[in-house]
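Residue numbers (this note's numbering), protein chains in the order written: chain A, 1475 to 1659; chain B, 1475 to 1659; chain C, 1475 to 1659; chain D, 1475 to 1659.
Scroll down for the structure; my scribbles are underneath it.
Protein chains: 4
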Amino acid sequence: MGGTRRVPNDPRRRERILDAALDVIAANGVHRTTHRRIAERAGVPLGSLTYYFGGLDELLEQAFARLSEHMSQWYQAALDGARDQDEACEAVADLICGQEYVSSRETVLIIEMYSYAQHSPGVAALGRQWLLRSRNSLSAHFSEPACRAIDALIEGWPIHRAFDEGPPDRATVLAAVRAIARHVR
Amino acid sequence: MGGTRRVPNDPRRRERILDAALDVIAANGVHRTTHRRIAERAGVPLGSLTYYFGGLDELLEQAFARLSEHMSQWYQAALDGARDQDEACEAVADLICGQEYVSSRETVLIIEMYSYAQHSPGVAALGRQWLLRSRNSLSAHFSEPACRAIDALIEGWPIHRAFDEGPPDRATVLAAVRAIARHVR
Amino acid sequence: MGGTRRVPNDPRRRERILDAALDVIAANGVHRTTHRRIAERAGVPLGSLTYYFGGLDELLEQAFARLSEHMSQWYQAALDGARDQDEACEAVADLICGQEYVSSRETVLIIEMYSYAQHSPGVAALGRQWLLRSRNSLSAHFSEPACRAIDALIEGWPIHRAFDEGPPDRATVLAAVRAIARHVR
Amino acid sequence: MGGTRRVPNDPRRRERILDAALDVIAANGVHRTTHRRIAERAGVPLGSLTYYFGGLDELLEQAFARLSEHMSQWYQAALDGARDQDEACEAVADLICGQEYVSSRETVLIIEMYSYAQHSPGVAALGRQWLLRSRNSLSAHFSEPACRAIDALIEGWPIHRAFDEGPPDRATVLAAVRAIARHVR
DNA sequence: AATGAATGAGATTTCATTCAT
DNA sequence: GATGAATGAAATCTCATTCAT
């Protein structure tokens, strides 16, 4: 319309808010996650949140979308590097045991996402999408049924980490993945 | 004065409230679970919630305690009936696939409990206890590492059910459990 | 349920709030009528308003219901006292010119109610009801068409009062009412 | 520098904004009329509202000024066409009953204007001016007291239309106007 | 022993207005 | 001349919790 092109003063603010939301969720849980806490964490004024997002639900949905995007990429990168089934088994064991994939923060967030998804159609759709991408990454190396079983391990073991003391024993994890890879078809 | 013993006029009210709380959590998630909704669901006056329970956190903790008690018993009963490892594998497959163990309501509640546990020391303790009892039930039939792997399957597969369409294929589940039982030690 | 009978601490609080709401509307208009202003005017805590009323719309609707109830009674009382058509004409003139019926406060409130009714089905229903009761009171003394015309005068003249300086000239009003009473049938 | 004359690149924008404001008021009421809704309706950027108008109050006042200007002209045109008192009575009846004068939109807006005028000196002045112009148009055909009574009818009857089902019966309206014209002096 | 009326703290959300560009 | 990103103030509303009875 002939006017000056308006550009955001702070072009990464959206992302900063979403990351702050994930931090607050990790620290407090979705229940006890509030606009105020997110705004404080992100260092932006309260009004900013509702300027960028239609409401808390929408904000959380986009934050979880960001989380699942990051996780899926990580996941895929780990499996794409494997040249045969045995390396793929090692990669899965690393995903389950490694500090990076499932740092405490990510474990917490994934479980919060599962929980929230049960009451949010939008986040449930994200969960389904994640599941499909995950199976797709696995399917390059394993039979269809093995993919499902290995995926269940990948979901289930981190939950134990949330209650157990340390990370799971890598040898055990690797043995379980291999047993499934070789004997489930 | 003297010998008058006061008795509650509604002795099951505590339990009714806890079950109502679980219903509300299943329907709405822990976030969006409120005193008012629980009271309405239980058909009891609002004031009785704070009369019986010190606060919402305490109420939720006791509700999850009730849930995990029921689930553990179920779990144990299923495994106690097995006379050899093969029957134990069948029992685990039933737990994972069966409608009873993981009805939609229970799946939702378990995930809500995991999520809440991450921010509540009391519920985290319940989770640890559940884990130990679960492994204990399994250890009658499987090696220690196999127990951990099978337990991960038991936790992980229901999560898929929350996003997938139907229950998992029983043959696949059974094959995975057997593979672990036989080859992880 | 066997408990003590609970009674409100302040049994007239509902009515006090509704009267305060009418005061605020009269002073500020429906736009600029807020929970805070009403609460301050009524001398009750803010939370009280949402305890007693589901929302501002509901509160305004009940306030206008209170207004129209009072006005209808006044109206009816004025006309019931008339023993013949001529006395009824005098009564109508009094309603239009009298300080009591249409004090500044009531004039303002009536117009605010008409205005709000256009965007609130509930208040529109109150308006219709008022109209019917008003015609009903008039119909004891005037022909059906005369009722409608006189009612239009009763609605229209106070609007002039809102803009004109003083009250309308009583002789003129009486002449108009009589002209309609005698010549419209 | 020197002779460059800046011209607005959208010369009718002011008027478009004012018409949009009237549309929003008609649809939502003055309460619930906001900058954002007006801008959206007018299809102009939000910032242009505060660029063209000092604030929402000023914008509303000018919108109502536009409304009353249009209505007064209509009014006057209708009465100027009458050649004698009887034709003037017909013209008044047309104004009250006709679809054009008091379409639903205009009825709503007039009442909103009365309501707003009670809390805005500027709009109250517009109202007084309207009243005077209206009486002036009438005074060519009716006695001074008759003008006031007829004007009251013109204000009052549309209010009934806001609550009644259909438009008023034209014969009744005409009879009332004639009764006043002939018998009030 | 039990309750529901009551409230204050804080949550979400709306919005007029400002201002850098 | 014009804009839309940005924000602070305040609005509505929710709710855990208190407490007189």
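We put the CB at the ideal spot given by N, CA and C, even for glycine.
Quick one: what's got a C-beta closer than 8 angstroms to residue i's C-beta in the same chain, skipping five residues either side?
i                : result
R1609 of chain A : C1621, R1622 and D1625
P1642 of chain D : I1570, C1571, W1631, H1634 and R1635
Q1660 of chain C : Summary: the structure shown does not reach residue 1660 of chain C, with chain C confined to residues 1475 through 1659, and so no result is reported for it.
G1555 of chain B : E1561 and A1565
V1658 of chain C : S1617, P1619, A1620 and A1623
E1543 of chain B : none
V1481 of chain B : For V1481 of chain B, the predicted model reports a pLDDT of 49, less than 50, meaning its position is unreliable and no value from the coordinates is stated.
W1604 of chain B : S1542, M1545 and S1546
S1594 of chain D : D1531, L1534 and E1535
Q1559 of chain C : H1615, F1616 and A1655
Would you report the Cα separation of residue i and residue j, rounded to the nearest angstrom?
i                : j                : result
D1484 of chain B : E1629 of chain A : 43 angstroms
G1528 of chain A : A1649 of chain D : 57 angstroms
D1646 of chain C : G1640 of chain C : It should be noted that the sequence gives Thr, not Asp, for residue 1646 of chain C. Taking the straight line from one Cα to the other gives about 14 angstroms.
F1538 of chain B : L1600 of chain B : 8 angstroms
C1563 of chain C : R1506 of chain D : 41 angstroms
D1568 of chain C : R1511 of chain C : 34 angstroms
R1644 of chain C : A1552 of chain D : 29 angstroms
P1519 of chain B : N1502 of chain B : 20 angstroms
T1581 of chain A : D1638 of chain A : 13 angstroms
G1596 of chain C : R1557 of chain D : 45 angstroms
G1521 of chain C : L1523 of chain B : 21 angstroms
E1514 of chain C : R1486 of chain D : 44 angstroms
Y1588 of chain B : Y1588 of chain A : 10 angstroms
L1627 of chain C : R1602 of chain C : 17 angstroms
Can you have a look at residue i and say buried or exposed, based on whether 16 or more other CB atoms are within 10 angstroms of its CB?
i                : result
E1489 of chain C : exposed
E1532 of chain A : exposed
A1508 of chain A : Looking at the sequence shown, residue 1508 of chain A is not Ala but Thr. By the neighbour-count rule (16 or more Cβ atoms within 10 Å), T1508 of chain A is not buried but exposed.
E1535 of chain A : buried
S1578 of chain A : exposed
A1614 of chain D : exposed
Y1525 of chain C : exposed
L1606 of chain A : exposed
R1652 of chain C : buried
So, at 7 angstroms on beta carbons, what are the nonlocal neighbours of residue i in its own chain, with the 5 sequence-adjacent residues on each side left out?
i                : result
L1583 of chain D : L1496, I1499, A1500 and L1541
G1477 of chain A : Low per-residue confidence applies at G1477 of chain A: pLDDT is 44, beneath 50, and the placement is therefore not dependable, though the value from the model is reported in the following sentence. Correct list: empty, nothing qualifies.
A1516 of chain A : R1490, I1491 and A1494
R1656 of chain D : none
L1530 of chain B : H1509
Quick one: residues in its chain with C-beta nearer than 6 angstroms to the C-beta of residue i, no 5 flanking neighbours on either side, listed in chain order?
i                : result
V1504 of chain B : E1586 and Y1590
Q1550 of chain A : S1611
Quick check on the DSSP output: what are the complete alpha helix (DSSP H) runs of length 4 or more inside the region 1577-1605 of chain C, in order along the chain? 1578-1591
The region 1592-1620 of chain D: which residues have C-beta closer than 7 angstroms to a C-beta of chain C, in chain order? Q1592, H1593, A1598, G1601, R1602, L1605 and P1619
If we require 4 or more residues per run, which alpha helix (DSSP H) segments fall completely within the region 1501-1548 of chain D? 1509-1516 and 1520-1526
What residues in the region 1492-1504 of chain B bring their beta carbon closer than 8 angstroms to a beta carbon of chain A? N1502, G1503 and V1504
With 7 angstroms as the C-beta to C-beta threshold (strictly closer), list the residues of the region 1526-1557 of chain B near chain A in chain order. none
Determine which residues of the region 1621-1641 of chain B have a Cβ less than 8 angstroms from any Cβ of chain A, and write them out in chain order. R1622, A1623, D1625, A1626, L1627, I1628, E1629, G1630, W1631, I1633, H1634, A1636, F1637 and D1638
Entirely enclosed alpha helix (DSSP H) segments - the region 1617-1644 of chain A, minimum 4 residues: 1618-1637
Residues of the region 1645-1658 of chain A with a CB closer than 7 angstroms to any CB of chain B: list them in chain order, please. T1646, A1649, A1650, A1653, I1654, H1657 and V1658
Below 8 angstroms between beta carbons is the criterion; list the residues of the region 1580-1591 of chain C that meet it against any residue of chain D, in chain order. V1582, I1585, E1586, Y1588, S1589, Y1590 and A1591
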